[in-house]
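Residue numbers (the UniProt record's numbering): 1 to 226. All C-beta atoms, glycine included, are put in the ideal place defined by N, C-alpha and C.
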């Protein structure tokens, strides 16, 4: 279904939709990272109990770097060529898998995901000691939201790889003017331009374009040599 929908979109709109989807999924993962993931009831050394709220920054600290990488990847896709788009699409799939794994590990073992907060509150360290001190945990929906964002990221990465050939190529706003000698009917040589500049048959050079000169310098050409 997603592939059929992509085929109905124009290349420019397809590119925009996929990049916005990556941005949206990365933002959703970042939002989930800021929320509470686990409510952990911890037994304190003085025989009391305390309920700790474990947010995504503690339960899955790598999530923020992964989400920020998604933002950077979306920006790179806006200017990437076809081959680089394929590479970036594969990286987006890897990012989605990594986000999913980070959230899944927190859901699978919420007491270990709460380890840093438990150690800070009780001074207890070590996997077995922390597991014994955590009397109970309640997992909120936010890690599942992060996993959903991860699935979207991975699926969008696959779509980028499969549709990168359809994306519009880069266009140049300015083109350098090239003067070439052209034979006139009487056998004399006159100057014409390939694009823009002075009209054919005119001996007056076209006004210099600072932007075109800058483009020539970027390519390693000396615009003053012409």
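Segment limits, beta strand (DSSP E) that includes residue i
| i | result |
| --- | --- |
| residue 135 | 134–139 |
Nearest-angstrom Cα separation, counted from residue j out to residue i
| i | j | result |
| --- | --- | --- |
| residue 141 | residue 32 | 9 angstroms |
| residue 86 | residue 78 | 13 angstroms |
| residue 193 | residue 66 | With a pLDDT of only 49 at residue 193, under 50, the local geometry of the prediction cannot be trusted, and the value read off the model is given with reservation. Distance between the alpha carbons of residue 193 and residue 66: 51 angstroms. |
| residue 21 | residue 117 | 34 angstroms |
| residue 102 | residue 93 | 14 angstroms |
| residue 126 | residue 156 | 39 angstroms |
| residue 59 | residue 19 | 28 angstroms |
| residue 69 | residue 26 | 8 angstroms |
| residue 173 | residue 80 | The pLDDT assigned to residue 173 is 49, lower than 50, so where the model puts this residue is not dependable; a value taken from the coordinates is nonetheless given after this. When rounded, the distance between both Cα atoms is 17 angstroms. |
| residue 64 | residue 73 | 14 angstroms |
| residue 40 | residue 136 | 6 angstroms |
| residue 38 | residue 165 | 43 angstroms |
| residue 123 | residue 43 | 12 angstroms |
| residue 29 | residue 129 | 31 angstroms |
| residue 163 | residue 148 | 22 angstroms |
| residue 176 | residue 75 | Summary for residue 176: the model assigns pLDDT 49, below 50, so the residue's position carries little reliability, and this model does not support an answer. |
| residue 50 | residue 91 | 41 angstroms |
| residue 84 | residue 48 | 57 angstroms |
| residue 109 | residue 158 | 30 angstroms |
| residue 14 | residue 34 | 31 angstroms |
| residue 199 | residue 9 | With a pLDDT of only 49 at residue 199, under 50, the local geometry of the prediction cannot be trusted, and the value read off the model is given with reservation. Cα to Cα, the separation comes out at about 41 angstroms. |
| residue 71 | residue 12 | 20 angstroms |
Among the options, the one whose alpha carbon lies nearest that of residue i
| i | options | result |
| --- | --- | --- |
| residue 115 | 25, 132 and 71 | 132 |
| residue 120 | 81, 53 and 163 | 53 |
| residue 153 | 82, 57, 12 and 17 | 17 |
| residue 36 | 134, 144, 151 and 19 | 144 |
| residue 111 | 134, 89 and 124 | 134 |
| residue 168 | 28, 82 and 42 | 82 |
| residue 62 | 160, 12 and 97 | 97 |
| residue 56 | 113, 11, 91 and 14 | 113 |
| residue 106 | 146, 128 and 28 | 146 |
| residue 23 | 161, 10, 95 and 11 | 95 |
Whole-angstrom C-beta distance between residue j and residue i, which should lie under 8 angstroms
| i | j | result |
| --- | --- | --- |
| residue 151 | residue 104 | Residue 151 to residue 104, Cβ: 11 angstroms. No contact. |
| residue 88 | residue 160 | 7 angstroms |
Endpoints, the alpha helix (DSSP H) within which residue i is located
| i | result |
| --- | --- |
| residue 124 | Taken as a continuous stretch (DSSP letters only), residue 124 belongs to no alpha helix (DSSP H), as it is neither H nor E. |
| residue 110 | 110–113 |
| residue 165 | First-last for residue 165: undefined, no H or E at that position. |
**OP:** Go through the stretch 32–65 residue by residue and report every complete run of the alpha helix (DSSP H) that reaches 4 residues or more, in order.
**Re:** 56–59
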